[in-house]
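A short worksheet on the structure shown next.
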Amino acid sequence: MHAFRAFAIVNITAIHAIEFVFFFAETSEHPAKPNLTPFAWGESILLHDSTLYFTIISGMLFSMVLVDRGYASFFKSKLAYVIAPYLFFTTLITWRGWGLDGTLKMFDGDLLNFLTLVFNNFFTGAAIFSFWYIPVLLVLYVLTPALAKIVKLEWGKWLFIPILLAPLVCSRAWPDVTWTNFVYFLGAYMLGIIAGINYKKTIAVIERYLLLLALVAIGSTAALVGLFYLDSPKWGIITFTESAWYIQKIAFSALVILLFERTIHYIPKWLDLLGNYAFAIYFLHAYLLFEMYAVMEKLMDVPISLPIILTLALLNVGLVILFSLIITYICKLILGKWSRYFVGA
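The sequence shown maps to residues 2 to 346 in our numbering.
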């Protein structure tokens, strides 16, 4: 499971790190600058909504590991590894943060206004662009006991089937905080809980329908290409690209889980490390990307060579993960077991 969580955080970090470099390259006014649209489409089609991986693995870990420890232990672990560091980083970034336009913003007001803003940012995830997901995750944690009970009831399937299908018609609407965001991720979380209850059976089902899952993965990806050409059409609360991404990420999850299961003895140790530090990387990477972007602007001219741009994009992914790991490691050295309350590891 650590390897799958590592896969999730690499995908989440990658889409953000690549887009920062693409944005930097697009600021060039040189007539010879390359057209990055095909590459931007490609990384978006493959990497967007990778938080669904996080949601699925959260559900699986609950039913495979945490449920046997009791709900007191479950909520205590979430307090230590998610809520406390989220509050810490929300407070820090509220004081010194970056706007979506790349502008550094320092809080300038009294203590009451600061605490009010921290409170608002905590419940909306508005401190920085990547934090929108944490309030959704907190609601899923609160609903976990009820969801676990539904799965065990004989009539529960008549409820969890609509829950699994609801994200197809209730789309994620970032950056807005809407009820559809919670419905969208509830389906993936429920799927993770079900998959983790009998993990061996889940693997058997994936193996049995491997070809079908591969076709679904390919088909949903092809559908996304078509939807991008149609400029991501919407109908009411339905964004059809979000529906396709939901299907795609479930299919990708099944394929990746099976891959890791079949290669469990060959999984490199660095994937285990990334899995252990996944939440710390999640909390740190967006803020670090803004800092790295500011340095990049000062140290180099805007690149116009496509190979250089693509190399910088991949380098940005590796560096932001590396810097996140280094900061987390230093915090663990200084704070010991208390580091989990500050950086989530």
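We treat Cβ as the ideally placed atom computed from N, Cα and C, and that holds for glycine. Just so we're clear, the structure is a prediction, and the values are computed from it rather than from any experiment.
Residue nearest to residue 123 in terms of C-alpha spacing, selected from 239, 37, 86: Checking every option, the nearest Cα to that of residue 123 belongs to 86.
Assigned secondary structure, residue 179 (DSSP; H/G/I helix, E/B strand, else coil): Correct three-state label for residue 179: coil.
Residue 12, buried or exposed, once every other Cβ within 10 Å from all chains shown has been counted against 16: By the beta-carbon neighbour count (other beta carbons within 10 angstroms, threshold 16), residue 12 is buried.
Best match in 36, 143, 9, 51 for proximity to residue 75 [C-alpha to C-alpha]: Nearest option by C-alpha distance: 143.
Alpha-carbon to alpha-carbon, residue 175 and residue 325: Looking at the backbone, the Cα of residue 325 and that of residue 175 are separated by about 25 Å.
Those runs of the alpha helix (DSSP H) which lie wholly inside the segment 271–305 and span at least 4 residues: Within the segment 271–305, the complete alpha helix (DSSP H) segments at least 4 residues long are 279–300, listed from N- to C-terminus.
Which residues DSSP lists as bridging residue 337, in chain order: Residue pairing by DSSP places residue 337 in no beta bridge whatsoever.
DSSP-derived helix/strand/coil call for residue 165: Helix, per DSSP.
CB contact flag (residue 17, residue 172, <9 Å): Remark: C-beta atoms of residue 17 and residue 172 do not approach each other more closely than 9 Å.
Simplified DSSP assignment, three categories, for residue 97: Reduced to three states, the DSSP call for residue 97 is strand.
CB contact flag (residue 119, residue 186, <9 Å): The Cβ-Cβ distance between residue 119 and residue 186 does not fall below 9 Å.
Other residues of its chain near residue 147: CB distance less than 6 Å, five sequence neighbours each side excluded: In its own chain, leaving out the 5 sequence neighbours on each side, no residue places its CB closer than 6 Å to the CB of residue 147.
Buried versus exposed, by CB contacts within 10 Å (16 or more), residue 126: With 16 or more other Cβ atoms inside 10 Å of its own Cβ, residue 126 counts as buried.
Alpha-carbon spacing of residue 180 relative to residue 301, whole angstroms: The alpha-carbon of residue 180 is positioned some 43 Å away from that of residue 301.
Meets three-Cβ-pair contact criterion under 8 Å: the segment 29–45 and the segment 303–313: Judged by Cβ distances under 8 Å, the segment 29–45 makes contact with the segment 303–313, as three or more pairs qualify.
CA-to-CA distance, residue 116 to residue 51, given in whole angstroms: Here the C-alpha atom of residue 51 lies approximately 31 Å from the C-alpha atom of residue 116.
CA-to-CA distance, residue 72 to residue 90, given in whole angstroms: C-alpha separation (whole angstroms): 26 Å.
Check whether residue 61 and residue 193 have beta carbons under 9 Å apart: With contacts defined by Cβ atoms closer than 9 Å, residue 61 and residue 193 form a contacting pair.
Where the beta strand (DSSP E) through residue 105 begins and ends: Its beta strand (DSSP E) spans residues 105–107.
Helix, strand or coil at residue 52 [DSSP, three-state]: In the structure shown, residue 52 adopts helical secondary structure according to DSSP, grouped into three states.
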